[in-house]
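Have a look at the structure below, then the notes.
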Amino acid sequence: WCSSYTVFGRKVRFRSPENILEEIRRAKADFGVDSVYFVDDTFTVNTKWVEAICDKLIAGDLKGLKWACQARVNTVTPALLAKMKAAGCVQLDFGVESGSQKILDILKKDTTIPQIKAAFAVAKRAGLQVFASVIVGTPGETKEDVMMTLRLLKELEPDYTDIFYATPYPGTRLYEIAKEMN
């Protein structure tokens, strides 16, 4: 399953909002960039940091920049998403992973089905597009678990969905489960 921590470690390092915006300015000047996707699976984990970026986007010379990011469902609030929308955010990508709490627990996702539903509702009310990423084939997953995921996706009505096969990358918990199960 998720291998980012095996590459980057479990610490989060935040670049300053000024540094990030300067990089975007350079990309805009040098390459004509008019939109940005923040590839950061913990983008919304530090509310004050996200708000600082948003404040600078709203007030500065990059006003009007469109952007999207990845977010955890247990880190978004109506106030944060309203500010992100005002700062040009157009889409949030959520790692839903499964509609089965059993599978979320096996994956050690530390999220719940109610949190997933609430995050999608809040994002939609803020006027953001939402993206759902799900995984099928987790060890222990049954047909009923897959059907729960499909029912959850129908209820969430994401604008976009990606479905991935569970892949036991070396160094991940899923890899250890696969080895234990031979």
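Quick note on numbering: the sequence shown equals residues 88 to 269 in the working numbering. The C-beta atom is built at its ideal place from N, Cα and C for all residues, glycine as well. Note that this is a predicted model, so its numbers are computed, not measured.
Presumed contact (8 Å Cβ cut-off) between residue i and residue j, rounded CB distance
i, j, result
"residue 203", "residue 160", "5 Å"
"residue 210", "residue 163", "7 Å"
"residue 125", "residue 154", "7 Å"
"residue 170", "residue 138", "6 Å"
"residue 213", "residue 165", "7 Å"
"residue 37", "residue 132", "Not covered by the structure: residue 37. The range shown for the chain is 88 to 269."
Beta-carbon spacing of residue i, residue j below 8 Å
i, j, result
"residue 187", "residue 232", "yes"
"residue 182", "residue 220", "yes"
"residue 194", "residue 229", "no"
"residue 191", "residue 185", "yes"
"residue 144", "residue 112", "no"
"residue 239", "residue 200", "yes"
"residue 168", "residue 134", "no"
Rounded C-alpha distance that separates residue i from residue j
i, j, result
"residue 252", "residue 264", "15 Å"
"residue 122", "residue 115", "9 Å"
"residue 257", "residue 130", "25 Å"
"residue 103", "residue 109", "10 Å"
"residue 216", "residue 261", "30 Å"
"residue 241", "residue 101", "35 Å"
"residue 197", "residue 259", "16 Å"
"residue 267", "residue 255", "12 Å"
"residue 234", "residue 105", "45 Å"
"residue 158", "residue 246", "15 Å"
"residue 88", "residue 156", "Because the pLDDT of residue 88 is 49, which lies under 50, any placement of that residue in the model is unreliable, and the number read from its coordinates should be weighed accordingly. Residue 88 and residue 156: Cα-Cα distance of roughly 20 Å."
"residue 189", "residue 227", "9 Å"
For residue i, the residue or residues it bridges with in DSSP
i, result
"residue 182", "220"
"residue 158", "181"
"residue 123", "154"
"residue 176", "154"
"residue 248", "219"
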